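A.B. asks: Residue numbers (this note's numbering): 12 to 125.
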């Protein structure tokens, strides 16, 4: 049985990669990512609107090219696709970096106010 989306036949397990999560005891631990560095790389990465060659021209997507993502972060098994677990990780770490910057700015503003 195959699922159909946008006039394209997909493998029945195509959803699998989008729902993988990291679980303690299963994933090999690596050093923590530098949130500020990840945010800086994300800010520099080109993002565009595009259409898959197999989709109707009216179907649009927004995001980076897989090659640019791989160059920026060195994540995933190849530079032909972006694994959702990696995209989610980049987003979460970037949100943390932005949060820390906002807190630092709020503290600075509080110190400067009379």
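Built from N, CA and C at the ideal position, the CB exists for glycine as well. Computed from a predicted model, the values in this text were never measured in an experiment.
Report all residues from its chain with a CB closer than 7 Å to the CB of residue 107; omit the five preceding and five following residues, and keep chain order.
C.D. replies: Taken in chain order, the residues that qualify are 46.
A.B. asks: If you reduce the DSSP assignment to three classes, tell me which class residue 100 lands in.
C.D. replies: The answer is helix: DSSP assigns residue 100 an H, G or I state.
A.B. asks: Where does residue 120 sit, in a helix, a strand or coil, going by DSSP?
C.D. replies: Correct three-state label for residue 120: helix.
A.B. asks: Between the C-alpha atoms of residue 69 and residue 62, what's the straight-line distance to the nearest angstrom?
C.D. replies: Computed Cα separation, rounded: 8 Å.
A.B. asks: Hey, quick one: how far does the beta strand (DSSP E) through residue 60 stretch, first residue to last?
C.D. replies: Segment 59-61, the beta strand (DSSP E) holding residue 60.
A.B. asks: Do residue 104 and residue 49 have their CB atoms nearer than 9 Å?
C.D. replies: Yes. Within cutoff.
A.B. asks: Provide the residue(s) that pair with residue 72 in DSSP beta bridges, ordered along the chain.
C.D. replies: Answer is 61, bridged to residue 72.
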